[in-house]
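Residue numbers (our numbering), protein chains in the order written: chain A, 1 to 307; chain B, 1 to 554; chain C, 1 to 314.
The C-beta atom is built at its ideal place from N, Cα and C for all residues, glycine as well.
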Amino acid sequence: MAMASVPQPSVGAVVYDMPKQVSLLEDAWRRIRRNRLALVGAGIIVLLFITAFVSIFWTPYPVWLQAVGPTYQTPTLAHPLGLDQAGRDILSRIMGGASITVQVGVGSAIIVSLIGIPLGLLAGFYRGWVDTVISFFINIWYGIPDLLVALILVFVLSDALKLIPRGVFVIILAFSLTRWMDVARLVRGQALALREREFVEAARMSGARDFGIVARHIFPNALGPIIVQATFAIPAAVLFEAFLSFLGLGLPSPAPSWGAMANDGYHGLDFAPHIALAPTIALSVTLMAFNWLGDGLRDAFDPRMRR
Amino acid sequence: MTPTSLRILKALALGGVASLVMVACGGSSGGGGTSETLAADQTLSWPLVNDVGILDPGRMSAGVDIDIFHNVFSGLYKFTDTLQEVPDIASGPPTISSDGLTYTFKMRHDVKFSNGDPVKADDFIYSWNRAARLQGDYASVMQPVAGYGDVANGKATAMSGLKKIDDYTLSATLSAPAGYWYTEVALWTAWVVDQKAITAGGGDDKWFTDPSTLVGTGQFKMTARTPKQSLDFAPVPNWWGGSTGALTKVHIEVIADQKAQLTKYESGNFSMLGPSNGGPTPEDLIRYNSDPVLKQQLTLVPLARTDWVGFNMKTGPFAGIDAGKAGRHAFSTAIDRAQLVDIACSKGTACIAATGGVITKGLQAYLGDGTDPNAKFDAAAAKAEYKAWDPTGSKVKGLVYTYNTTALNKAICDNLASQWQQNLGVTVQCAAQDRQSFFSARTKCSYPIFRHSWGADYDNPQDWFDFLFVTNAGSGGACYSNPALDSLVKSANTKPLTDALAEYKQANQILVDQVVTAPLVYYIQPYIAHPYVKGVGGNALYDFYWSGARILTH
Amino acid sequence: MTRGTASYIGQRLVLIAITTVLVSSIVFLLLHQIPGNAFLNETRTTPQSLAASLHHYGLDLPLRQQYANWVRGVLHGDLGESLVNRGVAITPLLLRETSVSATVGFYALLVTIGLGLILGIIGALRQNTWVDYVASSASVAGYSIPSFVLAIFGLLIFGHYFYIWTGGTFYYVPGWGKLEQIPVPALALGLPYASYVARLTRASMLETIRTDYVRTAWAKGLKARVVVLRHALRNALIPVVTILGPLITGIITGSVVIENIFGIPGLGKEFITSILSRDYNIVIGVFTFYAALVGLANLAVDVIYPVLDPRIRY
Chain A
1 MAMASVPQPS VGAVVYDMPK QVSLLEDAWR RIRRNRLALV GAGIIVLLFI
51 TAFVSIFWTP YPVWLQAVGP TYQTPTLAHP LGLDQAGRDI LSRIMGGASI
101 TVQVGVGSAI IVSLIGIPLG LLAGFYRGWV DTVISFFINI WYGIPDLLVA
151 LILVFVLSDA LKLIPRGVFV IILAFSLTRW MDVARLVRGQ ALALREREFV
201 EAARMSGARD FGIVARHIFP NALGPIIVQA TFAIPAAVLF EAFLSFLGLG
251 LPSPAPSWGA MANDGYHGLD FAPHIALAPT IALSVTLMAF NWLGDGLRDA
301 FDPRMRR
Chain B
1 MTPTSLRILK ALALGGVASL VMVACGGSSG GGGTSETLAA DQTLSWPLVN
51 DVGILDPGRM SAGVDIDIFH NVFSGLYKFT DTLQEVPDIA SGPPTISSDG
101 LTYTFKMRHD VKFSNGDPVK ADDFIYSWNR AARLQGDYAS VMQPVAGYGD
151 VANGKATAMS GLKKIDDYTL SATLSAPAGY WYTEVALWTA WVVDQKAITA
201 GGGDDKWFTD PSTLVGTGQF KMTARTPKQS LDFAPVPNWW GGSTGALTKV
251 HIEVIADQKA QLTKYESGNF SMLGPSNGGP TPEDLIRYNS DPVLKQQLTL
301 VPLARTDWVG FNMKTGPFAG IDAGKAGRHA FSTAIDRAQL VDIACSKGTA
351 CIAATGGVIT KGLQAYLGDG TDPNAKFDAA AAKAEYKAWD PTGSKVKGLV
401 YTYNTTALNK AICDNLASQW QQNLGVTVQC AAQDRQSFFS ARTKCSYPIF
451 RHSWGADYDN PQDWFDFLFV TNAGSGGACY SNPALDSLVK SANTKPLTDA
501 LAEYKQANQI LVDQVVTAPL VYYIQPYIAH PYVKGVGGNA LYDFYWSGAR
551 ILTH
Chain C
1 MTRGTASYIG QRLVLIAITT VLVSSIVFLL LHQIPGNAFL NETRTTPQSL
51 AASLHHYGLD LPLRQQYANW VRGVLHGDLG ESLVNRGVAI TPLLLRETSV
101 SATVGFYALL VTIGLGLILG IIGALRQNTW VDYVASSASV AGYSIPSFVL
151 AIFGLLIFGH YFYIWTGGTF YYVPGWGKLE QIPVPALALG LPYASYVARL
201 TRASMLETIR TDYVRTAWAK GLKARVVVLR HALRNALIPV VTILGPLITG
251 IITGSVVIEN IFGIPGLGKE FITSILSRDY NIVIGVFTFY AALVGLANLA
301 VDVIYPVLDP RIRY
């Protein structure tokens, strides 16, 4: 009978079932592997990065070269995505746009974290007047359409004061200057909660200095939500850049930003829909992928979601 | 003009004939005859991209504003649809003294403002002094008049050169002979305004905000205005000049998106597109031009405006009339203008290649089709010439071409950059600037290479040379200085146009020989109108007067 | 309205006024640092012409005095005169445009909340079935696709293809003035945020539904189920109300693009137009309006909140 194959403990012995020790990241990884949408998202993102990387060295045609063929030409074998209103190859420009997307997205996520994490940690850990000052800034921004302030910032820095030329950097800067509050608020909340925990008490009693406590105990435990927040910052930044470029306030011509390409194609939507379709689909798919991944990561890191 | 010849003319215009063909058979001479049945609703409507800026003739400066308000205001002289200067309120051409300094104007006796106030010589003197005092953009129209300087500087309120001879005669004494002043006196700055209405309307800063005090001598008056949304006009009853045409209402809406404009037009809610520098998007223009049915609604009218590449003659890689000439020539001949026009001008419908110098085709002192050797495309020769001039590429390193932000300028710069990269191997970056800072910086000659454009204010080459190409020209941007050209222009300016033409042409030829500019395109204004809308459109400088328009039954 | 609530509202109004002036001051100072000026014409602006224009707008005064004049004006509701369109007063212009934007925004909010609630409820009731997955994927798609993309597709479908499919009878004209011009932009504006509402509603309903007493009531039959649903819905609305503030801010941001695409003469369109034409007076005016609007919207939300959740008291 099948039952005999199961090993039986010897009668009288007490057996404890010890759960296998697993680190936070391993646990998260295991959980995210089960989330199909998140995996699809991750796959798309990998594809995006590869395309972005390749486009730096090679695209089928130069992204700036006009009159490669007749203007507005629909997709053909030679030009799988067709030509735009200036006769430029759309496939090449989509590839170039991937590079811009990656730069803006990853750059913003990094800068936003670099500003928000230390400020959030400071506010949450030290409280007192430091917290008051930082929280004041966080709250004043809460009621403002931050995207519009960022838009004005880009305009003022590049066009009006001409401090920073139009380009990826000023967009990352403007975005980060208006969005670090989200990260800071999150990290502050985490720090406030974590500083009361026993292991922090223990560390303090054993003589650890503030910086060590923050760096070795608080920060790693807040890592999960931080990663999630950073992941969500990427599509927000990409959306901001597309929004700017669509309005004509983004990267200078002829940068193949997907938002700018959508702006090019939107006037000729009934005449040549393929011009606007390619960048809008690319944008939507990329943003969806990052959101799926972010959702998956959030579920993976959330201790309450044990299934 | 019969409807048949109208159709022929339209066909010619559609063929891209770049001559100043006058399309409307109405104009101010009346309708097309008894073969037309007028619709019950005689409302003419069209959209604007931007709301009008300044409604005060003393300060008015935008072409859009002028096109609209030359139906509301008028002056001593005006331009016909063929750009001839004819008397309007004046009873005939001025009597000019033998030394060319004193102009005597005689007026009609029956002219009234739209509120019934009679118009006398005093009103013109008041209006002209006011224009000089307000110092709007075009106050310089009064500059030749003696005493202008003091009024402009605020030291006086009246120009000493203006004198009232009697109730309907006035004279203007200039400080120096200026043959072109007769043309300038037909411009909007010299339109007559009603002092009583201005005072009643709250003074210089407020009178134009209320339709009831926005009083002029034109065929129409403004009846309503919602800022940034719409303007409405109606004919002046019992207009002093006779008939005001068939229209009973003119309705103009502000719609910033060209696609939305066209959609509204196609659903029958607008009579036309195109006046006030409007028009369809490039894609829609191509669509209309290539569809046989839609093409009949499209009329292409050459506009008196040229776009060119400006080079800084004082500093930067292209500086020096001789030192930079090879570079400028290489850059100019490396541009395939056929490709430029195909891509940036909706396959050649919104503009045509500039092959006859910087003054637009159809204007006085135009050099002729294909006469500009700098416009002949030769990639190989251009590259060789460039390489000889700048073998290491150090001269053009980091070159930035600056332009003010419009869709056309962007399309042109992108194409130029692509061609220079492809044909010369030179990387030129396109930088967009807002109008104001761009003009400000360009006037100070801050850019090594830049976009420049000039739309003639009136058909007289003085308008081009005095503001663009003489030493210290006010709108030059190139800091170009050539004493030979200066003296040619100075001499020509004193003479009436017919005598001065040869000298102006010589000056234009100098510009070509020295490759001062690389002319790119001459503009075309597309008008789209329903087949039942007649008598609309424009000429090279202005939209037609509304009095010639009529709506047929449909 | 108790005296406590009245004084709370009074305090908040003062706070809103202060924040409005503060925020728009930042924009004012930012824009006034910009060198150059708004008045140059391509053709013939002379130094005197420029000086006359600068003087008219008070731009030749020292910055401190300009700021003082401006603050005084704002507190009286006078936002000045347009730099580009002479003689046009800014406050009535923006008031008119705000009513337009508010109309579209209101319908967009209806779309957001209505669609979000529906998707969330369906997802909660049919949890973990294919319906749930479709609903939640639709949600993610909703907030991933940029609003201008939705607007472009909306225009394509309703403006172009509908016209062809109905043989020319149905013609959607983008613009403003007719009732039928509201749904498409409201949809494009509200859809992206519906997913946030859906997610919150679903989570909140799941929490409520899963409690034991609800499960018991559910088993009792149809009438009880209706009561349960009403109770669950009411609880689900509470978190939605908490995000109403950011929702409204998001709709304001989205309206900037939507109004431009559909040619709606609202605040968002004015914002972009004035930036592009360097009409700084209007840019500052629009920002002042935005700050006040968001402040007032948040106040309204905070006043509604205790109506929904009686545990809150001020």
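Kindly indicate the opening and closing residues of the beta strand (DSSP E) around residue i.
i, result
"B:Cys413", "Here B:Cys413 belongs to no beta strand (DSSP E); instead the alpha helix (DSSP H) covers Ala407 to Gln419."
"B:Leu162", "Leu162 to Asp166"
"B:Thr209", "Where B:Thr209 is concerned, there is no enclosing beta strand (DSSP E), given that its DSSP letter is neither H nor E."
"B:Gln429", "Gln429 to Gln433"
"C:Leu179", "Premise fails: C:Leu179 is in no beta strand (DSSP E) and is neither H nor E."
Could you have a look at residue i and say whether DSSP puts it in helix, strand or coil?
i, result
"B:Thr43", "strand"
"C:Leu83", "coil"
"C:Gln65", "helix"
"B:Gln506", "helix"
"A:Leu223", "helix"
"B:Ala350", "coil"
"B:Ser547", "helix"
"B:Leu12", "Its pLDDT being 42, under 50, B:Leu12 is placed unreliably by the model, and nothing is read from it."
"A:Gly120", "helix"
"B:Gly33", "Confidence at B:Gly33 is low in this model, with a pLDDT of 48, below 50, so the placement of that residue is unreliable and no value is reported for it."
"C:Leu95", "helix"
"B:Tyr527", "strand"
"A:Asp159", "helix"
"B:Ala246", "coil"
"B:Arg225", "strand"
"B:Val145", "strand"
"B:Ala62", "coil"
"B:Leu468", "helix"
"B:Tyr288", "helix"
"A:Ile134", "helix"
Going by the DSSP bridge assignment, what does residue i pair with across the sheet?
i, result
"B:Thr306", "B:Trp454 and B:Tyr522"
"B:Ser170", "One detail in the question is off: residue 170 of chain B reads as Leu in this sequence, not Ser. Answer is B:Phe105 and B:Lys164."
"B:Lys534", "B:Arg550"
"B:Leu298", "B:Ile528"
Under DSSP, the alpha helix (DSSP H) around residue i begins and ends at which residues?
i, result
"B:His329", "Lys325 to Thr333"
"B:Leu187", "Premise fails: B:Leu187 is in no alpha helix (DSSP H) and is neither H nor E."
"A:Tyr266", "Trp258 to Tyr266"
"A:Leu81", "A:Leu81 -> no alpha helix (DSSP H), and no H or E assigned at all."
"A:Asp146", "Asp146 to Val154"
"A:Glu198", "Glu198 to Met205"
Roughly how far, in whole angstroms, is the beta-carbon of residue i from the beta-carbon of residue j, given that I think they are within contact range, below 8 Å?
i, j, result
"B:Thr281", "B:Lys259", "6 Å"
"C:Ser255", "C:Leu189", "6 Å"
"A:Ala300", "A:Ala28", "4 Å"
- Query: Can you find at least 3 beta carbon pairs, one from the segment 50-65 of chain A and one from the segment 91-99 of chain A, that sit closer than 8 Å?
  - Reply: yes
- Query: Between the segment 25-32 of chain C and the segment 307-319 of chain B, do at least 3 Cβ pairs fall closer than 8 Å?
  - Reply: no
- Query: Between the segment 485-497 of chain B and the segment 506-519 of chain B, do at least 3 Cβ pairs fall closer than 8 Å?
  - Reply: yes
- Task: Say whether the segment 408-425 of chain B touches the segment 359-367 of chain B, bearing in mind that this needs 3 or more beta-carbon pairs closer than 8 Å, one atom from each stretch.
- Result: no
- Report yes or no: do three or more beta-carbon pairs, one from the segment 202-219 of chain A and one from the segment 149-165 of chain A, lie closer than 8 Å? no
- Any 3 or more C-beta pairs closer than 8 Å across the segment 115-131 of chain B and the segment 157-173 of chain B: yes
- Task: Kindly confirm or deny that the segment 99-119 of chain C and the segment 175-182 of chain C touch, where touching means at least three C-beta pairs closer than 8 Å.
- Result: yes
- Item | Segment contact, 8 Å Cβ cut-off, at least three pairs: the segment 109-122 of chain A with the segment 187-196 of chain A | yes
- Between the segment 118-126 of chain C and the segment 258-276 of chain A, do at least 3 Cβ pairs fall closer than 8 Å? no
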